[in-house]
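Undergrad:
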Amino acid sequence: MSKLTVKNHDRNIAGYQYIYPVNSRRSGGLSIGINFNTNNACNWRCIYCQVPDLSVGAAPELDFELLAIELAGFLQDVLHGTFYQRFEIEPARQIIKDIAISGNGEPTSVHEFAKAIAFITQTLEQANIPDPFQYVLISNGSLMHKADVQQGLQLFNKYNGQLWFKLDSATDLGREAVNHAGLSAQKQLDNLISSANLCSTWIQTCVLGFTSSQGQGGLLDTQEQQAYLALLAKIIQQVPLQGVMLYSLARPSLQPEVNIITSASMDQLQKFAEQIRSLSLRVKVCL
Ligand code: SF4
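Using the numbering used here, you'd call the opening residue of the sequence shown number 1 and step up by one each time.
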């Protein structure tokens, strides 16, 4: 049995297909991750992505019965079993802080997304978790136009869920270079507005640069930063946002671009954060 430290991000550590525990430095407790993308497939290919053997595609059909068994069994172990002791989690961190739907790919690509959200929230209600936890969905936001995704987000919002919406560039060049996303600026804006209208939304942004002349478009570039700030100014005229989370590359990318991208330093993140704060937005910074 491995110790579950804040540096151990092995998604198979607990031996489940859909569930993975994270001893989260950010939240100061246990984050229960739910991964629909067991096939490591995503409709984007971000150059900093840490999914191993990432492929293009959608999540496979969800085995609801297995998800129920795993989720209920894991919660039983955490709340009434020996999970914290077996994984040597410090007493101060023996608290469930969040349930994060965040997979090895885009979670909203799963078939019957709304049913999956209903299923998860019902299972958690039945578990009677005493800790005041937060629901989080980490998404690239590209499938917000789908009725099923919108329905799932509406339900998520009823449980005070937060959507962390990936926005790494406000330019076509940057989006293509960093995310290989293949969607227009207008489409991305529409997606973000839909998201913020349906559910409490934080923007989540990776700040990076390129070491080589082969690449440009990361947010360490001044022009990229100006375009990003202009987009934020436009968005907050239209919808409420919870704020912006800025982060750099905590761990090396598992994509072929690993050697041509550079992380932002804390100083660079803080300077950019100050510019965003001048728009009266909350900003959280993490390395
Ligand atoms: S959206 Fe997330 S899972 Fe998909 S490629 Fe980007 S970082 Fe990886």
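Just so it is clear, CB atoms sit at the ideal spot from N, CA and C, and this is done for glycine as well.
Quick check: the Cα distance between N160 and L220, rounded to an integer number of angstroms?
TA: Each residue's alpha carbon lies about 33 Å from the other.
Undergrad: Between Q17, A170 and W202, which has its C-alpha nearest Q188's C-alpha?
TA: Nearest C-alpha to Q188: A170.
Undergrad: Pop quiz: S102 and G33 are said to be a contact at Cβ under 8 Å. What is the actual Cβ separation, rounded to whole angstroms?
TA: Contact holds; Cβ gap of about 6 Å.
Undergrad: Would you mind reading off the limits of the beta strand (DSSP E) that contains M245?
TA: It spans G243 to Y247 - the beta strand (DSSP E) in which M245 sits, taken as one unbroken run.
Undergrad: Tell me the DSSP secondary structure of F165 in three-state form.
TA: DSSP places F165 in strand when its eight states are reduced to three.
Undergrad: Taking the alpha carbon of A72 as the reference point, which residue from L124, F64 and V258 has its own alpha carbon closest?
TA: The option with the nearest alpha carbon to A72 is L124.
Undergrad: With a threshold of 16 other CB atoms inside 10 Å of the CB of Q150, please say whether the residue is buried or exposed.
TA: Buried: at least 16 other Cβ atoms inside 10 Å.
Undergrad: Verify the contact flag: N140, CB atom, against every heavy atom of the ligand SF4, threshold strictly below 7 Å.
TA: At least one heavy atom of the ligand SF4 is nearer than 7 Å to the Cβ of N140, so yes.
Undergrad: Using the rule of at least 16 other Cβ atoms within 10 Å of the residue's Cβ for burial, across every protein chain shown, is D168 buried or exposed?
TA: Buried.
Undergrad: Measuring alpha carbon to alpha carbon, tell me which of L232, D172 and S195 ends up nearest S184.
TA: Measuring from the Cα of S184, the nearest candidate turns out to be D172.
Undergrad: If you measure from each CB to the nearest heavy atom of the ligand SF4 and keep those under 7 Å, what residues do you get, in chain order?
TA: This criterion selects C42, W44, R45, C46, Y48, C49, V51, L54, N104, G105, E106, N140, K166 and N179.
Undergrad: Verify whether the separation of the beta carbon atoms of L192 and I235 is less than 8 Å.
TA: Against a cut-off of 8 Å, the Cβ pair of I235 and L192 comes out as a contact.
Undergrad: Looking at C-alpha atoms only, which residue of N104, L279 and Q216 is the closest neighbour of P240?
TA: Comparing Cα-Cα distances from P240 to each of N104, L279 and Q216, the minimum goes to L279.
Undergrad: Mind checking who A100 pairs with in its DSSP beta bridge?
TA: G33 and V136.
Undergrad: According to DSSP, is F87 part of a helix, a strand, or is it coil?
TA: Three-state result, F87: coil.
Undergrad: So V285 packs on Q270, CB below 8 Å; how close in whole Å?
TA: With a Cβ gap of about 6 Å, V285 and Q270 count as contacting.
Undergrad: E316: buried (16+ other C-beta within 10 angstroms of its C-beta) or exposed?
TA: Outside the displayed range of the chain (1 to 287) lies residue 316, so it cannot be described from this structure.
Undergrad: Looking at the secondary structure, which residues open and close the beta strand (DSSP E) in which N23 lies?
TA: Element bounds for N23: I19 to S24.
Undergrad: Out of A196, S248 and V178, which one is the CA nearest neighbour of P256?
TA: The option with the nearest alpha carbon to P256 is V178.
Undergrad: I'd like to confirm the pairing. Which residues does DSSP put opposite K284 in its beta bridges?
TA: M245, per the DSSP bridge assignment.
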